[in-house]
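J.: Could you have a look at this structure, given as structure tokens, before my questions?
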Amino acid sequence: MRVVGGRIAPGAVLAPGVSDPVLTTWRARGPVRAVVLVLHGGAENGLNVVRPWGPAYLRMVPLARQILRAGAPHGVEVRLLRNRVRGWNDPDLHPVADARWALRRIRAERPDVPVFLAGHSMGGRVALRIADEPEVRSVLALAPWTPIGEPVEPVTGKTVVIAHGTRDRITRPAESFAYAERAQAVARRVVRIEVMSEGHAMLYRPGVWNRLAREFALDAAGVAPLTAWSVRPDQRLRLPG
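Residue 215 in UniProt numbering sits at position 215 of the sequence shown; the count goes up by one each step and never skips.
Dropping the structure here:
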């Protein structure tokens, strides 16, 4: 495992002591065939520093390890990003800037290697926003924050996998459904899974989320396609999970 920090130009004046984004890398076994960038959640607004013990960040560590466990033997490298600050902070979009910084670093270290994005909540929104980068092939958005009007153009030509708990009260399943419907017009393919009796924090049915993460890793490695792709396209937006 390798941990690196990086300095990027902030989009706004941040408080003294705000750290730079931090990228943790878990290596693949053998030649790298794909990189999965994992993005954590946050809040609509907030300049609080993201600490390594923060719940939104910690939530993604076991998920990243699930991706690594399934993908590392097949050449999948996993990178987990820790943002500078907690908020989305429109119009500065600090987490979007941080994620694009991470992609630049990956591009420099792994040229010509495809990148797959996995994000939860705000991290899901970030992943969908930065899918327009040329090296990105696919997005796994878990309980994503996709408010009405969220642009779908960034996922043009990309594969989009959305999973949302039916009891989520933090981000709205109806809004991720509306996003998926609109994204079908531009994306290469879209599937949306409804995780029954699950809330926002992915705590009640961890087996479903972990299985999806593992399948995403194997799909990224080209080993086995996501099970959901076997379903007819007209039935892919409300798949029970």
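Backbone N, C-alpha and C fix where the C-beta goes; we use that ideal spot for every residue, glycine too. This one's a predicted model, so the numbers in the text were calculated from it and none came from an experiment.
Using only CA atoms, which one of Trp101, Asp90, Ile106 lies nearest to Val32?
T.: If we check each option's Cα against that of Val32, Ile106 comes out closest.
J.: Considering only the alpha carbon of each residue, which of Thr171, Arg232, Pro91 lies closest to Val46?
T.: First, the amino acid is wrong: residue 46 is Gly here, not Val. Ranking Thr171, Arg232, Pro91 by Cα distance to Gly46 puts Pro91 first.
J.: How long is the line joining the alpha carbons of Ala213 and Arg192, rounded to whole angstroms?
T.: So the alpha carbons of these two residues sit roughly 14 Å apart.
J.: Say yes only if the C-beta of Arg79 is nearer than 7 Å to one or more non-hydrogen atoms of the ligand FAD, and no if none qualify.
T.: Absence of the ligand FAD from the depicted structure is noted, as is the absence of any ligand whatsoever, leaving it without description.
J.: Measure the alpha-carbon distance for Ala221 versus Ser121 and round it to whole angstroms.
T.: The alpha-carbon atoms of Ala221 and Ser121 are separated by roughly 24 Å.
J.: With three or more C-beta pairs closer than 8 Å as the rule, is the region 113-130 touching the region 148-156?
T.: Yes: at least three Cβ pairs fall under 8 Å.
J.: Taking 8 Å as the threshold (C-beta atoms), are Val22 and Arg110 in contact?
T.: No, the pair does not count as a contact, with Cβ atoms beyond the cut-off.
J.: Leu80 to Val115, Cα distance in whole Å?
T.: Those two C-alpha atoms are separated by around 13 Å.
J.: Quick one: what's Gly87 bridged to in DSSP?
T.: Answer by DSSP bridge pairing, in chain order: Ala43.
J.: CB-CB under 8 Å to Met1, same chain, minus the five flanking residues each way: which ones, in chain order?
T.: A caution first: Met1 carries a pLDDT of 47, below 50, which makes its placement in the model too unreliable to give a value.
J.: Using 8 Å as the Cβ pair cut-off and three pairs as the minimum, do the region 187-203 and the region 156-173 touch?
T.: Touching, yes.
J.: Ignore the nearest five residues each way along the sequence and tell me which others in Gly41's own chain have a CB closer than 6 Å to its CB.
T.: The residues are Ala56, His120, Ser121, Met122, Gly123.
J.: Buried or exposed: which applies to Ala9, given that a residue is buried once 16 or more other Cβ atoms fall within 10 Å of its Cβ?
T.: With a pLDDT of only 43 at Ala9, under the threshold of 50, the placement of this residue in the model should not be trusted; the figure read from the coordinates follows. Ala9 should be labelled exposed.
J.: Alpha carbon to alpha carbon, how far is Met202 from Arg232? Give it in angstroms, no decimals.
T.: C-alpha separation (whole angstroms): 27 Å.
J.: Leaving out five residues before and five after Val208 in sequence, what residues of the same chain have Cβ atoms less than 6 Å from its Cβ?
T.: So the list reads Val195, Gly241, once near-sequence residues are dropped.
J.: Taking Cβ to Cβ, would you say Leu39 is nearer than 8 Å to Leu103?
T.: It is not a contact, given that the beta carbons lie outside the stated cut-off.
J.: Is DSSP giving His200 helix, strand or coil here?
T.: It is coil, neither helix nor strand.
J.: Measuring alpha carbon to alpha carbon, tell me which residue in Ala228, Thr227, Asp219, Arg211 is nearest Gln66.
T.: The residue with the shortest Cα to Cα distance from Gln66 is Arg211.
J.: Roughly how many angstroms lie between the CA atoms of Glu133 and Arg100, to the nearest whole one?
T.: Rounded to whole angstroms, Glu133 to Arg100 spans 8 Å at the Cα level.
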